[in-house]
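Each residue of the sequence shown is one higher than the one before, starting from 14 at the first, in the numbering used here.
Beneath this line is the structure, given in structure tokens, with notes to follow.
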Amino acid sequence: MDLENRIDALQKLVSKYDVESFAGFFAFFIKRHPDPALQIDLNKFESKLKDFLYLISLNAFSSHKGNKKFEIPYEDLGTMADRLNEIKNLNNPDKINEYTRESAIHEMAVRNHFDNGVLSYVEQDLDKIRRIFTPFEAKIVQDFGFDINFLIEISKMFEAISIIRFRQQTSFMDSSEFSDFYERINSKEMSFSKAFELLPLDSQEAFLSFSEKNYAHLIFTAEDLYLAFDKEKVDKFLALFSREPLPDITVRYYTAESPFELTPFLRFNNGNYLSLYGKQLPTSIYKVLYTHLLKEKNFNSKLRKHREKNLEYKVRDIFMDFFPKKETFFYENYVVDGNCEQDLLIIFKGNVLIVEVKAAKLREPFRDVNKAITRLKEDFKNSIQYGFDQCERVEDYFYDDELFDIKDEKGRVLYTVNPKKINAVYSIIVTLERFGPLQSDLSLMLQKDVDIDYPWAVYIDDLEIFLLAVKETVSGPVSQFFNFLTYRRELHGRMYAGDELDVCATYLQNPFKFKQYSENKELFLTFSPYEQGDFDKLYWAGKINFKEKSLPDGFHL
């Protein structure tokens, strides 16, 4: 069966269910993942976010809609997973020995682009909106009818509404009677039906209501927002970021951009809206504003330059918050060779960080391997490779014996370096785009001499999360960070990680064991995608805190 027939069969299967119950079911599990260790049909989906949004889109925009409720026992769920996985893996080699280096890199890039969602915290996404678009606020108000603060505050309100309603919806679970019920069925002391009969009547009704419509807390109306925001602004906002489930034959392919990338709310005829993935909203706002301003001739260049410069400022702020101010020297937009301006140099007690910041675009990979590799090489060269070449240019001065000057852009000497007093030198490339495995294992694409150390290439949000966690969870955070950089550069060429935070989490779990991994050259390391869950635990425990907040002022979890 070819691709088109497989898609037709999958869409026919999902389209027999009514949109709200089908979309609501998957929206619930986008937000609340099941235990990955459970042998259940939900865990047959390889990428829950992208897979679930794709199934919702096939259902919502089908020309042949059914009205069957998608409910327990959720028949067809396993079949949906199997058919979707077949579609996704259709062009992959059948056997491991059929993979070439190029086809392996291609599959990594495809999975990084299509299988990963937004891997950041809401606070970081809201901070990006404020940083990038505030200088263009007058234009945004003129064209859209609302300002930056409105966009940020309404995003926070959606999260607050869903939290409040989920607590109300599941309050029956907090009772001692429900705890007894759960213990009886979990220990197999009683059958489900007998234990259920012992629950108070109101708890039974609440349980059945939750089981029938567990996504109820993700439903909202415009009137919910009128209480806190101007009606005209709310209506414009919802018109821009929601979409009705009407037939659309262009919504078909898994590798196409999801319609929910820009419109994360489904809008129903009864006035209800369903939030499919609340965390997507700030990203949708960013994409809509950025694309709109980019089309304006008078703003295109200004926006690009501001974004690049703002990225540098953000990286500087992250490091300045991490390092002790009295003992650390920061040099921005400095020069060492008289010609080329560098981004950031940090010197702390004889340890040097050479930091280059790259905002170059990582484009969608082609499905054709040869075309994809050519594009990947170009994008990698313009970002990580270029950053490394810039770092190496400065490294050479530190590894020489001659004194040299660090100057500002006007040629004034800021500091004279004696390389003999330098203990260690590390190069860091911070990217605005996430390159996934190609960033985690630089041996796949980075061009360098054998005797030159690998840099640390890291996505900006990952950098911020990791340094906040290091500062909060370990004693001597700066020395631990330098240790990480030392061990980390030894892993390239013998590891696989889909995301750098999985590597970072493994280090924080046991720095000594991580050191052993780096020293044992015979090991090939695979980092589990569940490792970064450690950062979520720290986040929900209140140990990773951002300056921007995710909830309205006065609202507490």
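For glycine and all other residues, C-beta sits at the position ideal for the given N, C-alpha and C.
Since the model is a prediction, treat every value here as computed from it, not as a measurement.
With 16 other Cβ atoms within 10 Å as the buried cut-off, status of residue i
i	result
Val463	exposed
Lys423	exposed
Cys353	exposed
Met508	buried
Met121	buried
Leu307	exposed
Lys141	buried
Ala510	buried
Thr113	exposed
Ile85	exposed
Phe342	exposed
Lys63	buried
Val32	buried
Lys327	buried
Under the three-state DSSP convention, the category residue i falls into
i	result
Ala235	helix
Asp462	coil
Lys420	strand
Tyr267	coil
Tyr467	coil
Gln355	strand
Arg376	coil
Tyr344	strand
Ala437	strand
Val430	strand
Asn313	helix
Phe361	strand
Thr296	helix
Lys371	strand
Asn162	helix
Thr147	helix
Candidates the options, of which the one nearest residue i by Cα
i	options	result
Thr296	Asp31, Glu33, Gln137, Leu287	Gln137
Lys371	Cys404, Val264, Glu150	Cys404
Met458	Glu236, Asn395, Tyr195, Phe568	Asn395
Ile174	Ser222, Tyr286, Gly91	Tyr286
Gly351	Lys384, Ile557, Val426, Lys560	Val426
Ser609	Leu231, Lys169, Asn72, Glu446	What is shown of the chain runs 14 to 570, which leaves residue 609 out entirely.
Gly291	Tyr303, Thr276, Lys300	Thr276
Ile441	Arg406, Asp454, Gly400	Gly400
Thr183	Pro86, Asn436, Tyr228	Tyr228
Lys294	Val264, Leu316, Phe254, Asp330	The displayed chain sequence assigns Leu, not Lys, to residue 294. The residue with the shortest Cα to Cα distance from Leu294 is Phe254.
Val443	Arg329, Pro378, Phe361	Arg329
Pro378	Asp402, Asn311, Phe335, Gly449	Gly449
Phe163	Tyr303, Arg143, Asn311, Trp469	Arg143
Ile557	Pro213, Lys484, Phe568	Lys484
Ala482	Asp48, Arg502, Asp547, Pro432	Asp547
Leu23	Phe39, Val32, Lys81, Asp89	Asp89
Thr486	Pro542, Ala554, Gln452	Ala554
Glu172	Arg265, Ile360, Gln217, His230	His230
Pro432	Ser453, Ser456, Glu446, Val407	Val407
7 Å CB neighbourhood of residue i in its chain, flanking five on each side removed
i	result
Pro148	His319
Tyr239	Val247
Arg376	Arg388, Asp392
Ile435	Gly363, Val365, Phe411
Pro213	Glu190
Asp385	Per the sequence shown, residue 385 should be read as Ala rather than Asp. His119, Ala122, Pro378, Phe379, listed in sequence order.
Cβ neighbours of residue i in the same chain (closer than 6 Å, five flanking residues each side left out)
i	result
Asp474	Ser133, Gln137
Ala219	Phe185
Distance between residue j and residue i (C-alpha atoms, nearest Å)
i	j	result
Gly37	Asp466	49 Å
Thr268	Val247	32 Å
Leu538	Tyr530	8 Å
Glu257	Leu289	13 Å
Ser492	Arg19	54 Å
Gly91	Glu236	38 Å
Tyr87	Ala208	23 Å
Ala633	Glu166	Given that the chain is displayed from residue 14 to residue 570, the structure contains no residue 633 and the question cannot be resolved.
Ile53	Lys374	38 Å
Trp469	Tyr428	25 Å
Met203	Ser76	46 Å
Phe273	Asn496	41 Å
Leu536	Asp334	35 Å
Glu150	Glu561	18 Å
Lys572	Thr234	Since the displayed the chain opens at 14 and closes at 570, residue 572 lies outside it and no answer follows.
Thr8	Leu68	Outside the modelled stretch of the chain, which goes from 14 to 570, sits residue 8, for which no answer is possible.
Glu325	Asp512	22 Å
Lys461	Ser563	42 Å
Ala518	Asn282	45 Å
Lys420	Val348	5 Å
Asp21	Asp15	10 Å
Any non-hydrogen atom of the ligand SAM within 7 Å of residue i CB
i	result
Ala117	For the structure depicted, the ligand SAM is absent and the ligand set is empty, with no information on it obtainable.
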